[in-house]
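Just below is one structure, and these are the notes that go with it.
Number of protein chains: 2
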Amino acid sequence: MNENKIVFKVIGHIQSPHIDPKQTPIQPVFCKGIKGKAIIEKQYIDGLNDLEGFSHIYLFYSFHESNKTNLILKPYLEDKLHGVFATRAPHRPNKLGMSLVRLIKVEGNILFIGDVDILNNTPLLDIKPFIKRFDTRQNARSGWQEDVTDDEASLRGKRDY
Amino acid sequence: MNENKIVFKVIGHIQSPHIDPKQTPIQPVFCKGIKGKAIIEKQYIDGLNDLEGFSHIYLFYSFHESNKTNLILKPYLEDKLHGVFATRAPHRPNKLGMSLVRLIKVEGNILFIGDVDILNNTPLLDIKPFIKRFDTRQNARSGWQEDVTDDEASLRGKRDY
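Listed in order, the protein sequences are those of chains X and V.
Quick note on numbering: the first sequence equals residues 1 to 161 in the working numbering.
Quick note on numbering: the second sequence equals residues 1 to 161 in the working numbering.
Here is the structure:
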């Protein structure tokens with residue numbers, strides 16, 4: 001394998017009510033209650049043991065509808081240009097998406113998930129548990145995002161859903 | 001491209017004091033103050049604009065020293081078996097690592113980072129800002145991790161560093 005490339009396998013797919021990228025909420029916090037499923041390839045089913053103990057999980061996936069890279073772009077929440085690495089926008093050098101969703105239950109190879117902001121049929125790459133002691137940062141400074149009010153963020157973040 | 005594979009480009013590398021996987025702390029919370037750098041390929045430098053406004057960033061990388069997959073394993077913090085997706089262990093179907101590190105400053109294509117738990121020479125795939133309103137979950141339930149005390153976690157999580 002070329003050492004400048006990393007190849008990942010698709011381990012499953014997302015099922016969600018979001019079929020139009022333009023109407024898909026931009027983050028789980030903007031679509032509370034929206035449900036979907038992660039269908040995991042059966043060969044990986046043993047890896048799901050004990051996942052159900054976690055109320056929230058990170059899903060990592062490919063932004064499979066993105067076919068361009070914008071190093072400088074206007075994010076959904078603000079009409080100002082920012083570097084893509086200072087945003088969560090999909091049009092990145094690597095189309096790696098991350099969503100922190102609610103885990104409702106696990107049945108066999110199916111994860112029932114809530115607060116789903118992921119397009120239907122999205123290829124899944126990894127699942128990691130949200131662990132409070134690892135993943136919480138008090139007093140974090142959030143850059144340009146702090147110039148966007150919560151109301152404005154909620155209004156724009158929901159998009160047309 | 002085979003639709004069951006996703007190919008990512010290496011966008012940079014991590015420089016850190018960790019040269020032995022067995023002595024590398026398992027999470028940023030267990031190595032506060034340990035400094036490193038992310039050296040970004042110069043073609044992506046525009047993507048770093050405004051990143052410095054964020055105090056914490058997620059780094060996504062390849063666990064390049066992992067050459068096996070264990071669907072069931074004992075994590076570093078506990079001598080009990082769990083499914084790999086209920087852990088943050090490196091030996092996953094896709095060797096995708098995530099670390100939430102401190103961003104100290106940005107100079108050109110170099111990110112100066114703190115709380116670094118990443119092996120030296122690790123290939124970097126993506127950078128995303130930690131955004132309080134997106135990434136915080138109150139009252140999250142952390143599964144088997146809640147059976148590990150903070151003291152035990154700290155002791156085992158630092159490893160031999």
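Positions of the beta carbon are idealized from the N, C-alpha and C atoms, including for glycine.
{"Check": "Minimum Cβ-Cβ distance from residue 16 of chain X to chain V less than 8 Å", "Outcome": "no"}
{"Check": "Proximal chain V residues relative to residue 123 of chain X, where beta-carbon distance stays under 7 Å", "Outcome": "6"}
{"Check": "Rounded C-alpha distance that separates residue 15 of chain V from residue 83 of chain X", "Outcome": "23 Å"}
{"Check": "Start-end ranges of the alpha helix (DSSP H) lying completely within the region 66 to 111 of chain X, minimum 4 residues", "Outcome": "none"}
{"Check": "Extent of the continuous alpha helix (DSSP H) run through residue 157 of chain V", "Outcome": "150 to 158"}
{"Check": "Span of the beta strand (DSSP E), counted from its first residue to its last, around residue 134 of chain X", "Outcome": "Segment 132 to 135 is the alpha helix (DSSP H) holding residue 134 of chain X; no beta strand (DSSP E) there."}
{"Check": "Cβ shell of residue 117 of chain X (< 6 Å), same chain only, five flanking positions each side left out", "Outcome": "25, 27, 28, 31, 99"}
{"Check": "The region 31 to 50 of chain X touching the region 4 to 14 of chain X, judged by at least three CB pairs closer than 8 Å", "Outcome": "yes"}
{"Check": "Chain V within 8 Å of residue 66 of chain X, Cβ atoms only", "Outcome": "no"}
{"Check": "For residue 80 of chain X and residue 19 of chain X, the rounded distance between their alpha carbons", "Outcome": "27 Å"}
{"Check": "Those residues which DSSP pairs with residue 54 of chain X across a bridge", "Outcome": "V:142"}
{"Check": "Residues of the region 102 to 126 of chain V whose Cβ lies closer than 8 Å to any Cβ of chain X, in chain order", "Outcome": "123, 125, 126"}
{"Check": "DSSP beta-bridge partners of residue 60 of chain X", "Outcome": "X:98, X:126"}
{"Check": "Integer Cβ distance of residue 91 of chain V from residue 109 of chain V, believed to fall under 8 Å", "Outcome": "At roughly 31 Å, the Cβ-Cβ gap does not stay under 8 Å, so residue 91 of chain V and residue 109 of chain V are not in contact."}
{"Check": "Interface residues of chain V facing residue 44 of chain X [CB-CB closer than 7 Å]", "Outcome": "71, 93"}
{"Check": "Test item: CB-CB of residue 6 of chain X and residue 21 of chain V under 8 Å", "Outcome": "no"}
{"Check": "Interfacial residues, the region 134 to 145 of chain V to chain X, with Cβ spacing under 9 Å", "Outcome": "134, 135, 136, 137, 139, 140, 141, 142, 143, 144, 145"}
{"Check": "Buried or exposed (CB count within 10 angstroms, at least 16 for buried), residue 143 of chain V", "Outcome": "buried"}
{"Check": "Proximal residues of chain X, C-beta to C-beta of residue 100 of chain V below 8 Å", "Outcome": "134, 135, 137"}
{"Check": "Neighbourhood of residue 42 of chain X by C-beta, 6 Å cutoff - its chain only, sequence neighbours within 5 removed", "Outcome": "109"}
{"Check": "Status (buried if at least 16 other CB within 10 Å, exposed otherwise) for residue 149 of chain V", "Outcome": "exposed"}
{"Check": "Residues bridged to residue 13 of chain X [DSSP beta-bridge criterion]", "Outcome": "X:39, X:123"}
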